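Number of protein chains: 2
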Amino acid sequence: MREAVEKKVLGENDRVASALRLRFRERGILCVNLISSPGSGKTTLLERTLAALPRDSAVAVLTGDIQTDNDAQRLARFGFPVRQITTGGTCHLDARMIERALDALPLAESSLLFVENVGNLVCPASYDLGEAEKIVLLSVAEGEDKPLKYPGIFHRASLMVLTKTDLLPHVEFDAAAAKENARRIHPQIEIIELSCRTGDGFDQWVAWLGAKGRQYRAEIAAPAR
Amino acid sequence: MREAVEKKVLGENDRVASALRLRFRERGILCVNLISSPGSGKTTLLERTLAALPRDSAVAVLTGDIQTDNDAQRLARFGFPVRQITTGGTCHLDARMIERALDALPLAESSLLFVENVGNLVCPASYDLGEAEKIVLLSVAEGEDKPLKYPGIFHRASLMVLTKTDLLPHVEFDAAAAKENARRIHPQIEIIELSCRTGDGFDQWVAWLGAKGRQYRAEIAAPAR
């Protein structure tokens, strides 16, 4: 019975997500969905990203948490539209929450929309939010076996961002093994290693976002679709 | 409808957990349920704990993961009974999984039974496993606001173990704020700070387990019950 309900809930979510995806495409909005364990550095990466962008960039953020609007407060300082989604106990964002939050978010045409999911390496992987790309973050403080233990999200993400690389000298973390494990689950996964503290690798992340934006706009402009 | 099913599932889980709790009490088994984000150091803490115990101690471990039996392999090296529970996608352990796993676990009277939950700071908090104590681990690499963002588990845990304190000089983590946040959610929560790498604070953890064992056995021996 439980599985039947889960299937029904996911089916309903998929319908709403498909409508969102169409809406994003019609407006040229590139939506990326950031997923990781609590404390892997999603908000810090977004802070640094917003700080690096020209103030007139078309960028907005939806940030999810079970409780508190701490993250929205941290991110609002940069002057871009930011809304908190507080799930009140639910362990993931779903498409309906995104749909509702969009009503209150000033979102320009051709924006880059960051969705920061609830900190949870498991459940958010199952909920399509209409995003163009899922991005998984893994901190070097967490352990290199995580892609094997939590394959769902590594399978679905197009990019793995290995965060907090400044801690590498201080932790027992085998970055080569982490990358190999991610590729065992998902051979085509792209990988960026960075530290928001030192800035190492950050340019690669900005370049990745730029390239994805160009690729997305080329796709939706293509007459074949 | 979804909430009704969740309630039913949790009700069914509570019944199985109550039976387990009774069974543990009858046999003097102290069961502790370790919950944290992925990579906070549950397995490492257990490795160090098993290494520190006399080889004839009555101790056993059930360790949960979505995929892989890596943790059971890591923990079996110490010579105590260890079984892996592989959930195959489910984001938490439930009481029925514990009940089934116990069939295959040689468990002496008056044992200390460690249950290492799936790495997830959200969902495992809702599932009673019949344990005497829930223990939440938080690594200093994760951020001091986590108790406020994930209040469920901090509310239910009797102990918070702040792990990886050797990293404190290398991360922006305010340990005083983390403890204050945990106590805002749960004023009576006990707190131990430790590093499995340096061994700092580890004695306190071993002492806590010993004290809990004595307290538990005194409670179940009390004629008033």
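Protein chains in written order, with our numbering: chain A, 485 to 709; chain S, 485 to 709. Just so it is clear, CB atoms sit at the ideal spot from N, CA and C, and this is done for glycine as well. All of these numbers come straight from a predicted model, not from anything done at the bench.
I'd like to know whether the C-beta atoms of residue i and residue j end up nearer to each other than 8 Å.
| i | j | result |
| --- | --- | --- |
| A:G603 | S:L605 | yes |
| S:R558 | S:T527 | yes |
| A:L518 | A:F638 | no |
| A:L643 | A:V624 | no |
| S:K630 | A:P522 | yes |
| A:V566 | A:V545 | yes |
| S:G636 | S:E600 | no |
| A:L589 | A:I513 | no |
| S:I673 | S:A641 | yes |
| S:Y719 | A:I569 | Residue 719 of chain S lies beyond the range of chain S shown here (485 to 709); nothing can be said about it. |
| A:L494 | A:G614 | no |
| S:H654 | S:C607 | no |
Whole angstroms are fine: how far does the CA of residue j sit from the CA of residue i?
| i | j | result |
| --- | --- | --- |
| A:G563 | A:S541 | 10 Å |
| A:F508 | A:M581 | 15 Å |
| S:R709 | S:G697 | Its pLDDT being 47, under 50, S:R709 is placed unreliably by the model, and the measurement read from it follows with that caveat. Each residue's Cα considered, the two are about 17 Å apart. |
| S:S524 | S:E593 | 30 Å |
| A:D612 | A:D578 | 7 Å |
| S:R561 | S:I675 | 29 Å |
| S:A661 | A:A659 | 31 Å |
| A:V489 | S:V489 | 8 Å |
| A:D650 | A:L530 | 18 Å |
| S:V620 | A:S520 | 19 Å |
| A:Q688 | A:K648 | 15 Å |
| S:L478 | A:D553 | It is not possible to answer for residue 478 of chain S, since the shown part of chain S is limited to 485 through 709. |
| A:G573 | S:S610 | 10 Å |
| S:S595 | S:C680 | 23 Å |
| S:L534 | S:V543 | 8 Å |
| A:A501 | S:E626 | 30 Å |
| A:I704 | S:K492 | 45 Å |
| A:P538 | S:T571 | 46 Å |
| A:A556 | S:A695 | 42 Å |
| S:T682 | A:F657 | 17 Å |
| A:A702 | A:E583 | 25 Å |
| S:W692 | S:D684 | 15 Å |
Interface residues of chain S around residue i at Cβ under 8 Å?
| i | result |
| --- | --- |
| A:V645 | Per Cβ cutoff of 8 Å: no residues; A:V645 is ~15 Å from chain S at best. |
| A:N554 | D629, L632 and K633 |
Measuring only from the beta carbon, is residue i closer than 7 Å to any heavy atom that is part of the ligand NAD?
| i | result |
| --- | --- |
| S:A625 | This structure lacks the ligand NAD, and indeed carries no ligand of any kind. |
Report the residue from the options whose alpha carbon sits nearest the alpha carbon of residue i.
| i | options | result |
| --- | --- | --- |
| A:N665 | A:V655, A:L632 and A:D687 | A:L632 |
| S:V690 | S:R532, S:E626 and S:S595 | S:R532 |
| S:Y700 | S:K491, S:E510, S:A503 and S:R499 | S:E510 |
| A:E710 | A:A616, A:R668 and A:G614 | With chain A covering 485 to 709 only, the question about residue 710 of chain A has no answer from this structure. |
| S:L506 | S:D684, S:K492 and S:A616 | S:A616 |
| S:A536 | S:F686, S:E703, S:W692 and S:I704 | S:F686 |
| S:L678 | S:T571, S:P538, S:L652 and S:P671 | S:L652 |
Run through chain S and tell me which residues come within less than 7 Å of residue i, C-beta to C-beta.
| i | result |
| --- | --- |
| A:I550 | V606, K633 and Y634 |
| A:C680 | Going along chain S, no residue has its Cβ under 7 Å from A:C680, so there is no contact; the nearest lies around 10 Å. |
| A:V690 | Correct list: empty, because the minimum Cβ distance to chain S is about 22 Å. |
Can you name the residues of chain A whose CB is closer than 8 Å to the CB of residue i?
| i | result |
| --- | --- |
| S:S623 | G523 and A625 |
| S:K654 | The sequence given here has His at residue 654 of chain S, not Lys. Those are D650, L651 and H654, listed as they occur along chain A. |
| S:C575 | C575, N604, V606 and C607 |
Taking residue i as the query, report the chain S residues whose CB atoms sit under 9 Å from its CB, ordered along the chain.
| i | result |
| --- | --- |
| A:K630 | P522, G523 and G603 |
Along chain A, in chain order, which residues have C-beta atoms closer than 7 Å to that of residue i?
| i | result |
| --- | --- |
| S:V493 | R486 |
| Start-end ranges of the beta strand (DSSP E) lying completely within the segment 661–695 of chain S, minimum 3 residues | 674–677
| message | List, from N- to C-terminal side, the beta strand (DSSP E) runs of 3 residues or more that fit wholly inside the segment 512–596 of chain A. | response | 514–519, 543–549 and 566–570
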